[in-house]
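S.K.:
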Amino acid sequence: MLDDFDRELEKRDLRFARYADDCNIYVKSEKAGQRVMESAVRFLTKKLKLKVNHQKSAVDNPWNRKFLGFTFAKGKGPNRIVVHESRVKRLKGKIKDITRKMRGSNLTDSIRKDLTPVIRGWVNYFGLAGRRSIFGELDGWIRRRIRDILWRQWKKPRTRYKRLIALGLTERMAKQTAYSGKGAWRMARTYGMHKAISNGVIEAMGYIPMKKIVEARSQ
1 MLDDFDRELE
11 KRDLRFARYA
21 DDCNIYVKSE
31 KAGQRVMESA
41 VRFLTKKLKL
51 KVNHQKSAVD
61 NPWNRKFLGF
71 TFAKGKGPNR
81 IVVHESRVKR
91 LKGKIKDITR
101 KMRGSNLTDS
111 IRKDLTPVIR
121 GWVNYFGLAG
131 RRSIFGELDG
141 WIRRRIRDIL
151 WRQWKKPRTR
161 YKRLIALGLT
171 ERMAKQTAYS
181 GKGAWRMART
191 YGMHKAISNG
201 VIEAMGYIPM
211 KKIVEARSQ
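For the sequence shown, this note's numbering gives the first residue as 1, with consecutive numbering after it.
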């Protein structure tokens, strides 16, 4: 039935994007937006006998709206399509749930079996975003979660000291790091933990950076 709506918009030479019952129509001014909104609602309700959700419908700037998890950034240029912040927040919530369960398990196995499929699925969907800095930012946040888990798994300062020495830290740095009174999340950002658990070490554990997945897709 909404195919009739598509044809109506095409007949009017309007630019639009629709998926199922979610539709965005793009015009050049607020005045044009109000006019198109009224005529679109009239067509849907009178012609197609459909209900319109007025709470979710609005005339607004594209960067204030969300469509299928994407939005537009302000400005001009080809890189304006970005991932909406709500979808980034949702992903972080999911990864938090996954990483909490990793604390008592084999970290390498959990990264490969539980974390990687979620990351790949998310990147496969949102990889077309024009601004790709979000993938690097998320990589950094996820690596911090992994360092946090390792710190918790080591539990005692003596165990942490031995692990850090084995990972190449000097005795002095290993001692300063292992016997710190900071919490796990703060320790995950310290120089000692970054040097011992480098990005390369985390990749060797099975973590595939989002940034690399996106770059591979674009080749």
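Don't be surprised by glycine CBs; every beta carbon is placed ideally from N, CA and C.
Do M193 and R147 count as a contact pair if the criterion is CB distance below 8 Å?
M.R.: A contact, by the Cβ cut-off of 8 Å.
S.K.: So what's R12 in DSSP terms, helix, strand or just coil?
M.R.: In this structure, R12 counts as coil in the three-state DSSP scheme.
S.K.: Would you mind listing the beta strand (DSSP E) stretches within the region 12-83 that are 3+ residues and don't spill past its ends, in chain order?
M.R.: 15-19, 22-26, 70-72, 81-83, all fully within the region 12-83.
S.K.: Among L150, I213, N61, G75, whose alpha-carbon lies nearest the alpha-carbon of G121?
M.R.: Answer by Cα proximity: I213.
S.K.: Find the nearest neighbour of M210 within the set E171, T190, L169, R143, judged by alpha-carbon distance.
M.R.: Among E171, T190, L169, R143, the Cα nearest to that of M210 is on R143.
S.K.: Assuming the contact rule is C-beta atoms closer than 8 Å, K66 and H84 should be a hit. Round their C-beta distance to whole Å, please.
M.R.: So it is a contact: roughly 5 Å between Cβ atoms.
S.K.: Given A188, which residues of its chain have a CB within under 7 Å of its CB, disregarding the five upstream and five downstream residues?
M.R.: Taken in chain order, the residues that qualify are R144, R147, D148, W151.
S.K.: Quick one: what does DSSP say K195 is sitting in, helix, strand or coil?
M.R.: Three-state DSSP puts K195 in a helix.
S.K.: Taking only three categories from DSSP, how would you classify N124?
M.R.: Helix at N124.
S.K.: Which of the three DSSP states, helix, strand or coil, is assigned to T170?
M.R.: Coil, per DSSP.
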